[in-house]
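> One structure coming up, written as C-alpha cells, with questions to follow.
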Ligand SMILES: [Fe+2]
Ligand SMILES: [Fe+2]
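Numbering (the working numbering), first residue to last: 5 to 225.
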C-alpha cells in the first residue's frame, strides 16, 4: 500500500508542479487550482469510495487520483486531463502500485473533464468526477473586483458552503450547496453547472447510486 502522505502529498516535485498549475491558470484569470483543491478532491474521492465500502486499495487509488487529477494544467488548461495522465505515468511507476492500479488512476485523471469527453470509466474515475465538480466555493475566486467577474466567478463567489454526503444504505450521493442569492440566483448556478451536474449524475449511476443536488435546503435535482 502506498503511503500517500509521504509518497504523493509529501512529494516536493509534485507540489511544485501543483503550485505552478495554480500560477499559470491565474494568468488566464481562471479559478483557484492550488494544493487546497487537490487536497479537497483527494479527500472527497476517498470519502465517496469509503462510504460505498470499496476496499482499501481502491480507496488509496482514489486518494492519489484525486490529488493528481489537475496536474496536466502545467501543460495547458485545454485537455489537461489527458495531459495529466501522460505526464504522471513515470511518477506512478515509482510508487508501489501494480499496472492495474496505475491504469485506474490514469483513466480517472484522463476522464475528469466534462468538455473533453470525460466519462466514468472505473469507480475511482466516477468518484473523482463527483469530488471535483463538487468543489465550488467563494475561496476559489481570485479576482478582487466583482465588476470583472465572469459568470463562473460570480456563481462560485455566491457559494458559501458545500457538503458532499454518501448514504450507502439509500445508495445516494448528495451535494448540498448554500448560495447567497443576492450574488447569484439558483438559475445562474444551473446555467454554469448543468453539464457538470449531468456528469455527476452519470458518475453516481456508474457507482449504482442516485445523485441529489440540494440548494439552500431545496432539492433541485
Ligand atoms: Fe480539471
Ligand atoms: Fe479540478
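Quick reminder that beta carbons are idealized off the backbone N, C-alpha and C, glycines included.
Less than 8 Å between the beta carbons of residue 112 and residue 73, yes or no?
The sequence position of residue 112 within the chain shown is 108, counting from 1. The sequence position of residue 73 within the chain shown is 69, counting from 1. Their beta carbons are under 8 Å apart, which means residue 112 touches residue 73 by this criterion.
> Residue 142: which of 75, 78, 176 and 166 sits nearest, CA to CA?
Indexing the chain shown from 1 puts residue 142 at position 138. Here the closest residue by C-alpha is 166.
> State yes or no: is the C-beta of residue 145 nearer than 7 Å to some heavy atom of ligand 2?
Walking along the chain shown from the start, residue 145 turns up at place 141. No, the beta carbon of residue 145 sits no closer than 7 Å to any heavy atom of ligand 2.
> Taking 7 Å as the cut-off, does the CB of residue 26 come closer than this to any heavy atom belonging to ligand 2?
As a first step, residue 26 is located in the chain shown; it is residue number 22 there, counting from the start. No, ligand 2 has no heavy atom inside 7 Å of this Cβ.
> Under DSSP, the beta strand (DSSP E) around residue 169 begins and ends at which residues?
By one-based count along the chain shown, residue 169 stands at place 165. Residue 169 -> beta strand (DSSP E) spans 163-171.
> Between which residues of its own chain and residue 179 is the CB-CB distance below 6 Å, once the five residues before and five after are set aside?
In the chain shown, residue 179 corresponds to position 175, counting from 1. Answer for residue 179: 138, 168 and 217, listed in chain order.
> What residues in its chain sit with their C-beta under 7 Å from that of residue 125, if we drop five residues either side in the sequence?
The residue given as residue 125 occupies position 121 in the chain shown. 111 and 115.
> Which whole-angstrom value describes the C-beta separation of residue 55 and residue 174, a residue pair presumed to lie in contact below a C-beta threshold of 8 Å?
For this step, residue 55 is matched to residue 51 along the chain shown. For this step, residue 174 is matched to residue 170 along the chain shown. No, residue 55 and residue 174 are not in contact; Cβ-Cβ is about 11 Å, not under 8 Å.
> Thinking residue 45 and residue 70 are a contact (beta carbons under 8 Å), I'd like their distance in whole angstroms, please.
Translated into positions along the chain shown, residue 45 becomes position 41. Translated into positions along the chain shown, residue 70 becomes position 66. Their Cβ separation, rounded to whole angstroms, is 4 Å, which keeps residue 45 and residue 70 in contact under 8 Å.
> Exposed or buried, which one is residue 101 when buried takes at least 16 other CB atoms within 10 Å?
Translated into positions along the chain shown, residue 101 becomes position 97. Buried.
> Mapping DSSP to helix, strand and coil, what is residue 20?
Taking the chain shown and counting its residues from 1, one reaches residue 20 at position 16. Correct three-state label for residue 20: helix.
> Answer with yes or no whether the minimum CB distance from residue 15 to chain D is below 8 Å.
In the structure shown, chain D does not exist; there is a single protein chain.
> Assign residue 117 to one of two classes, buried (16 or more other C-beta atoms within 10 Å of its C-beta) or exposed (fewer than that).
As a first step, residue 117 must be located in the chain shown, where it is residue number 113. Label assigned to residue 117: buried.
> Can residue 86 and residue 34 be called in contact, C-beta distance under 8 Å?
As a first step, residue 86 is located in the chain shown; it is residue number 82 there, counting from the start. As a first step, residue 34 is located in the chain shown; it is residue number 30 there, counting from the start. Result no, Cβ atoms of residue 86 and residue 34 do not sit closer than 8 Å.
> Nearest to residue 182 by alpha carbon, out of 204, 159, 202 and 198?
As a first step, residue 182 is located in the chain shown; it is residue number 178 there, counting from the start. Measuring from the Cα of residue 182, the nearest candidate turns out to be 159.
> For residue 6, which residues of its own chain have a beta-carbon under 8 Å away from its beta-carbon, when the five flanking residues on both sides are left out?
Start at 1 with the first residue of the chain shown, and residue 6 comes out as number 2. Counting only Cβ-Cβ distances below 8 Å, and skipping sequence neighbours, we find 12, 64, 68, 99, 100 and 101.
> Just to check my reading of the structure: residue 134 and residue 204 have Cβ atoms closer than 8 Å, yes? What is that Cβ distance to the nearest angstrom?
Position 130 of the chain shown, counting from 1, holds the residue named residue 134. Position 200 of the chain shown, counting from 1, holds the residue named residue 204. Correct: roughly 5 Å between the Cβ atoms.
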